[in-house]
Amino acid sequence: MPTTAKSLIKINFLFILTFFINIIAPLSNVAFALTIKLLIDDGVSKNITGLYYHLGVSIVIVICFVCLNYLAKFLTNLYSAKRITASRLFLMQKILEMSYAAFSRQNTSDYQHLLLNETQQLGDDYLKGFFQIARNLMLISASLGAMFYSEFWLALLILIATALPLGLSGISAKKSEKLKNQALLQEKSYVNKIKEIISGYVTIKNYQVENYISTMYQKYLNSYAKSQLRLRGNEALTATVSELSGLVVFLVAFGGGMILTVQGYTTIGSVTAIVQLVNFVVLPINDLGLLISRFQSSKQLLAPTIHQPLIARQPDLKNKRGTLKKEIKFEQVDFKYAPNSARVLKDLSVNFIIGKKYAITGKSGSGKTTIFKLLLQLFQPDQGRIVIDQDNLQDLSSAWWYSQLAIIPQEVFIFNDTLKNNVTLGRDFSDAAVLSALQQAGLTDFLATIQNNLAYSCGENGKNLSGGQKQRLSIARAFLKAKPVVLFDEATSALDEKTGNDIENTLLQKQELTVIAITHKTNISGLYDQIFKMDQGKLITVSAPSLENRLL
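Heads up, the sequence shown stops at 553 in our numbering, and the numbers go up one at a time, no gaps.
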């Protein structure tokens, strides 16, 4: 499992093959430079036999060069793609294991950024960078080795000249790590602000605050642009120093080589080969500074913001399966959202009998939805407990408990998928079972209009469905899975009265269901067995809907 930058590099057959090809590919560059020396020396000495022979060797080396370098790049891309895919899958699994409370500590755009931008940068700068650095170091080492073999003292001077850019690259890499971290934080803030503006577009237009939003956007944009400019500026400095050092190396090679030739210590072929080998030292050094800088700074992508909490988090290990035959009971439950905030629920005790129907009314912000959040284990009570039959909810398997619950929210999430897949949510059910659930949920007329086409596209966020159809689809999900408890969270508040009442009655008429509904309605259905009013963190029992109307 890829848990850190280092563990992204998994040692397997593909890694060994990729590393091996990246190491031997540069040898073809060096071999080509040495054959150039032989060709020139053969030409100068008019050795026609040797010339033809070495020309044939050169052609073979060129073919090897093309094949090995292509294979090195192909395998590098393949290995990187596989590891990043594994990393993204691992991170998504960890995200899905999070509790809602832990998940909500981060902006949703941070998770998008993690799964797209940050993992891609790790693939490009860390994984691919690792093999590119190894290949360049091998090319530099092999080229210097060949130069030492040909002309020791000249090679020594060239080696000294290459030490400068390597040292400066190390200094630049340390600075780049800090700048990369700053740029990453600014990028996240910028992406979050874009998401806010797009999500709040209707509010912006309604209150005519375009100028204010534009000014605020410019502030975040400027901070993001400056952080990127500082990072690119450091990279440009690194590249410039490497290029300057390359020119110095060329000057040493040409100047020293020609002096040795004039003095008769070497041949034109040897100098030409050395100059060619210098290319294989200078060009990799130019790339190496930037590669090392990005390689080191890519580790900042795994700073303990999202990654480390994800890695450290353990999945729910509770495997106790309870029973749901008698009751769901709140026993003296206290809850507040923040340590210094007021209590939302105060010594709340209530008993929901299985198979009964309950309505909870009250003012906005009184704590009605908080009851649902505790039942869904999005948060835990500060004091007291929630009992399912005889078991504490906290001791039960979350997987088992969620298999008992269906939530029908005001805003139903619809996937951009078929009608069937939106009902089954990936589970294996027959078409007949899906159609039955949809019909029970009151979608018979809609099914007739689409000729029972379960492949009907719901569109992005259900744009091809009406509000009432979305709510009924959510009910069909619960009916299909035969979940015994339904939490109805003001699900019909945005619908017209008749449609809302029809959807509500569809649930209330199911005798086997336990329904707990949050509502603002004043004309509460007589199908409810008991009605509560949330007041000052407690539930006040109302014996009949008519009394509740007077309380509201």
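For each residue, glycine too, the CB sits at the ideal point set by N, CA and C.
It should be emphasised that the depicted structure is a prediction, and the values quoted were computed from it without experimental measurement.
Beta bridge counterpart(s) of residue i as assigned by DSSP
i	result
LYS374	According to DSSP, LYS374 bridges with nothing at all.
LEU1	Given that the chain is displayed from residue 2 to residue 553, the structure contains no residue 1 and the question cannot be resolved.
ASP335	GLN384
ALA360	ALA518 and ILE532
THR419	SER458
LYS330	ASN352 and VAL388
For residue i, the three-state DSSP class (helix, strand or coil)
i	result
PHE533	strand
ALA143	helix
THR542	strand
ALA407	strand
ASP348	strand
GLN510	coil
LEU325	coil
ASN393	strand
ILE525	coil
LYS176	helix
ASP490	strand
ASP429	coil
ALA240	helix
ALA226	helix
LYS464	coil
PHE414	coil
SER105	coil
ASN453	coil
LEU379	coil
ILE12	coil
Whole-angstrom distance between residue j and residue i, CA atom to CA atom
i	j	result
ILE85	LEU346	45 Å
PHE20	SER29	16 Å
PHE33	VAL63	7 Å
LEU186	LEU180	10 Å
LEU488	LYS194	33 Å
LEU261	ASP42	16 Å
LEU155	GLY257	6 Å
GLY368	LYS358	19 Å
GLN405	SER88	32 Å
ARG233	GLY290	13 Å
TYR266	SER294	40 Å
ILE504	LYS484	17 Å
THR306	ASP111	Confidence in THR306 is poor, its pLDDT being 49 and thus under 50, which makes the residue's placement too unreliable to answer from.
ILE134	THR268	33 Å
GLN107	ILE96	11 Å
THR450	LEU466	12 Å
ARG136	ILE286	11 Å
ARG322	PHE480	21 Å
GLY356	LEU508	12 Å
Buried or exposed (CB count within 10 angstroms, at least 16 for buried), residue i
i	result
MET535	buried
ASN423	buried
GLN470	buried
ASN393	exposed
LYS189	buried
GLN378	buried
ASN212	exposed
ASP490	buried
HIS114	buried
ASP432	exposed
LEU90	exposed
VAL242	buried
GLU513	exposed
ASP383	exposed
ALA274	buried
MET139	buried
Cβ-heavy atom distance, residue i to the ligand ZN, below 7 Å
i	result
VAL242	The ligand ZN is not part of the structure shown, which contains no ligands of any sort.
Cβ of residue i within 8 Å of any chain C Cβ
i	result
LYS347	Going by chain labels, chain C is absent from the structure shown, which holds only one protein chain.
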